[in-house]
Ligand code: SF4
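In our numbering, the protein residues as written are 217 to 622.
What follows is the structure, given as structure tokens:
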């Protein structure tokens, strides 16, 4: 998506080196029991040590046949991806669910907001199942509808709301998507954030005018896109902190701002630092650093290429044999990319592991439990968005689908 330089190649590819363990690595592995309590499952959740788990998953999957589709996000574990009919980012998976009206059940191996989007985009006859309800998204949880409504009230009181268009990243709750629909805004993905922002500014006088975008909930995607792609300055961006009165901003700051960024971030991509980039450049001559736009601005600034997970996958597919890469995104995906490209040297950008711990809540026991329950005629962990939110979220999603380039 964003290309800052040329790619060089090295002679002999190196094998992928696992980063060092960190506390996040331990979540979901029986080490931090308080954090793993999660939610109760009706019926018996298979034991992770059950030697027949894979066979049970195969049997349940075969029994469901065309009545179900299993969707697997790129950040899921290998043990889940092996059973996915489709893999992709959140938007591709939601689109895929909508394109399969014959599937009665959508077993969504991702996180809560993704399952909500699938429910919004599919028919009432289809039921979306999230195998573990504890699979949330820390970024989406950083913007509650109560906080965002209060934030909009602040913009209204200051007199800038009528010159402001809300844009929410796909990684937000259905209630936040509905908020943007109600206020004439749109949804964006990490692939189309530039197009969505240009459209939003066009509603209020253009990028060069004095209109504003209220960007939710990922401050980094908003800032990176505004500065790197639209030519706005860092000074044009302010951060609205929902934990402070009036977002921690003065009337003058709100009046002058062009991008009002919600104070949210991804706990996975937010870990990468400019030092990680400098370290890998010192360690690996000629390395190309490729990062996700949810990374901090200084990381994006220091990287060679920036793009969504789908872009990262395509970039590695198109890369020259012998080229060396350092990738700044979730570790499950980077591991699979390294396995798929033995002719290239692929490094993980961070020196310690960086899984999405909530995404990793979906494991084989939960998938087996969800599918076996469906086979037995019991729909578990169904995700349903209330009708009014679903309507307005659909308005915002349809606005996104009408943007050029999708
Ligand atoms: S990787 Fe980040 S944005 Fe994606 S689901 Fe995990 S916490 Fe949320």
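Yeah, the Cβ is synthetic: ideal placement off N, Cα and C, and Gly gets one too.
Same chain, Cβ closer than 6 Å to residue i, five either side skipped, listed in chain order
i: residue 595; result: 343
i: residue 588; result: 276
i: residue 380; result: 371, 428, 430
i: residue 606; result: 336
i: residue 398; result: 608
i: residue 234; result: none
i: residue 334; result: 310, 313, 322, 324, 344
i: residue 470; result: 374, 376
i: residue 535; result: 560
i: residue 338; result: 313, 314
i: residue 511; result: 485, 488, 544
With 16 other Cβ atoms within 10 Å as the buried cut-off, status of residue i
i: residue 363; result: buried
i: residue 487; result: buried
i: residue 473; result: buried
i: residue 560; result: buried
i: residue 396; result: buried
i: residue 558; result: exposed
i: residue 466; result: exposed
i: residue 586; result: buried
i: residue 504; result: buried
i: residue 263; result: exposed
i: residue 458; result: buried
i: residue 406; result: buried
i: residue 298; result: exposed
i: residue 244; result: Annotation note: pLDDT 37 at residue 244 (below 50); position unreliable, coordinate value reported separately. Buried: at least 16 other Cβ atoms inside 10 Å.
i: residue 537; result: exposed
i: residue 425; result: exposed
i: residue 593; result: exposed
Other residues of its chain near residue i: CB distance less than 8 Å, five sequence neighbours each side excluded
i: residue 450; result: 439, 443, 513
i: residue 365; result: 395
i: residue 528; result: 506, 508, 543, 545, 549, 553
i: residue 247; result: Unreliable positioning characterises residue 247 in this predicted model, as indicated by a pLDDT of 38, which lies under 50. A coordinate reading is not provided.
i: residue 477; result: 431, 435, 438, 439, 453, 454, 455, 456
i: residue 296; result: 288, 325, 578, 579, 580, 583
i: residue 433; result: 355, 356, 358, 359, 384, 385, 387, 388, 392, 478, 480
i: residue 464; result: 455, 456, 457
C-beta contact flag for residue i and residue j at 7 Å
i: residue 518; j: residue 542; result: no
i: residue 493; j: residue 570; result: no
i: residue 305; j: residue 525; result: yes
i: residue 309; j: residue 580; result: no
i: residue 454; j: residue 435; result: no
i: residue 416; j: residue 389; result: no
i: residue 346; j: residue 599; result: yes
i: residue 612; j: residue 403; result: yes
i: residue 480; j: residue 359; result: yes
i: residue 349; j: residue 576; result: no
i: residue 307; j: residue 562; result: no
i: residue 326; j: residue 290; result: no
i: residue 502; j: residue 540; result: yes
i: residue 331; j: residue 361; result: no
Close-in-space but distant-in-sequence residues of the same chain around residue i (CB under 7 Å, 5 per side omitted)
i: residue 219; result: 521
i: residue 516; result: 440, 444, 507, 509, 522
i: residue 316; result: 285
i: residue 614; result: none
i: residue 230; result: 561
Member of the options whose CA lies at the smallest distance from the CA of residue i
i: residue 265; options: 582, 604, 611; result: 582
i: residue 591; options: 233, 269, 273; result: 273
i: residue 460; options: 262, 367, 328; result: 367
i: residue 565; options: 555, 586, 536, 500; result: 500
i: residue 341; options: 556, 283, 563; result: 283
i: residue 447; options: 422, 504, 359; result: 422
i: residue 280; options: 611, 369, 419, 321; result: 321
i: residue 545; options: 295, 482, 328, 601; result: 482
i: residue 383; options: 413, 406, 317, 373; result: 413
i: residue 352; options: 432, 299, 573; result: 573
i: residue 420; options: 496, 377, 406; result: 377
i: residue 271; options: 584, 411, 318; result: 584
i: residue 294; options: 610, 593, 578, 614; result: 578
i: residue 410; options: 319, 538, 475, 601; result: 475
i: residue 319; options: 301, 400, 329; result: 301
i: residue 547; options: 230, 292, 468, 496; result: 292
i: residue 462; options: 369, 229, 278, 601; result: 369
Residues bridged to residue i [DSSP beta-bridge criterion]
i: residue 414; result: Answer by DSSP bridge pairing: none, since residue 414 is not bridged.
i: residue 304; result: 289
i: residue 504; result: 541
i: residue 385; result: 404
i: residue 321; result: 284, 343
i: residue 219; result: 521
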